[in-house]
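Enquirer: Residue numbers (UniProt numbering): 1 to 326.
(1) Under a three-way DSSP split, which group does residue 274 fall into?
(2) What are the partner residues of residue 240, as DSSP defines its beta bridges?
(3) Contact defined as beta carbons within less than 8 Å: I believe residue 160 pairs with residue 142. What is the distance between those atoms, to the nearest angstrom?
(4) Take residue 249 and list the residues in its own chain whose beta-carbon comes closer than 6 Å to its own, dropping the five residues that flank it on each side.
(5) Residue 105 and residue 90 look like a contact to me (Cβ under 8 Å); what is the Cβ gap, rounded to whole Å?
(6) DSSP three-state label for residue 130, please.
(7) Excluding sequence positions up to five away, which residues of its chain have a Cβ less than 7 Å from the Cβ of residue 325?
(8) For residue 50, I'd like the list of residues in its chain whose CB is within less than 6 Å of its CB, leaving aside the five on either flank, ordered along the chain.
(9) Taking only the alpha-carbon atoms, compute the straight-line gap between residue 103 and residue 95 and give it to the nearest angstrom.
(10) Helix, strand or coil for residue 324? Go by DSSP, reduced to three states.
(11) With residue 139 and residue 121 assumed to form a contact (beta carbons below 8 Å), what rounded beta-carbon distance in angstroms separates them?
(12) Starting from the Cα of residue 201, find the closest Cα among 229, 153 and 256 and give me that residue.
(13) Closer than 6 Å by C-beta to residue 52: which residues in its own chain qualify, once you throw out the five before and the five after it? Chain order, please.
(14) Pull up the distance between the alpha-carbon of residue 59 and that of residue 26, whole angstroms please.
(15) What is the C-beta distance between residue 218 and residue 236, in whole angstroms, given that I count them as a contact (C-beta under 8 Å)?
(16) Check residue 73 in the structure and name its three-state DSSP category.
(17) Quick check: what's the CA-CA separation for residue 70 versus residue 253?
(18) Using a Cβ distance threshold of 8 Å, determine whether the stretch 198 to 217 contacts the stretch 182 to 189, with at least three qualifying pairs required.
(19) Give the DSSP bridge partners of residue 183, in chain order.
(20) Restricting to Cα atoms, I'd like to know which of 234, 109 and 77 is closest to residue 297.
(21) One question on the structure: do residue 280 and residue 307 come within less than 8 Å of each other, judged by their Cβ atoms?
Structure representation (structure tokens):
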């Protein structure tokens, strides 16, 4: 048997074929990696949208549902000099809404003290305490007592407002003043909240809440950023026209009249429909958003950008629909 003295190997053609096959295999691996990476980005952003929307509604719903709750005197007009005693001074940097009696504390004007008011930024209404509100988005202002009551004897925070109540009397005071003498009274923390949208320092739209304290009133230092990525908020107000505690008509704030805000003519506000447009925090260069979004009565045309979005909504039935008159 004769053994060849030359080493066997690949010819140039075979080497080129092997390189081409390897190139296709490498290309396939990179394609699969790119698709997998894109799917991870898409899934992550959709999860983020869902979670941010859930958190935003979870923060707003219990607060809005209890608007108008004033302890034992719920459903009765607060009249300073009558059934209401004002031991506390009006806060600095107040958020004063439309109407003749729509500040943090009721005034002596013979008019309904509004526990609820809202507007759309750009419709001619505003709250002077707010800046940078996103155009075309809704702002809602509410006032209520926070439960449970402060106990007996009441445990008071010196930087908070409180209201002591009986069935026919209210005393408004601050925690640093101490609880007044009020026979058979209960004492509750009082809050004035304003929900609105504004861009944060990084340009990301966010749901924010202005709150009330003694030291800062309703000033900018009491501005809480709740959830980032909330780009639009629209609210429809549900009114009961026939006394069955069910909303017969839902309308945007622009259509709510002064009589309706003041619960006159048997038109009681009993529910809210809140619509939020949630936007991803980061853009996805591989995605173009061409969707049309419906938020209540508002239709938003395609953004044609690289941000994913999702609409979340909730109908909030008010626990205290009798804000003033039954």
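We treat Cβ as the ideally placed atom computed from N, Cα and C, and that holds for glycine.
Expert: Answer, in terms of the structure:
(1) strand
(2) 268
(3) Wrong, their Cβ atoms sit about 17 Å apart, outside the cutoff.
(4) 239
(5) 5 Å
(6) coil
(7) With a pLDDT of 44 at residue 325, under the threshold of 50, the predicted position of this residue should be treated as unreliable, though the coordinate-derived value follows. Closer than 7 Å at the Cβ level, and outside the excluded window around residue 325, lie 263.
(8) none
(9) 6 Å
(10) Interpretation of residue 324 is limited by its pLDDT of 41, a score under 50 that renders its predicted location unreliable; no figure is taken from the coordinates.
(11) 6 Å
(12) 229
(13) 227, 229 and 278
(14) 49 Å
(15) Not a contact, Cβ separation roughly 26 Å.
(16) helix
(17) 24 Å
(18) no
(19) Answer is none; residue 183 lacks a bridge partner.
(20) 234
(21) yes
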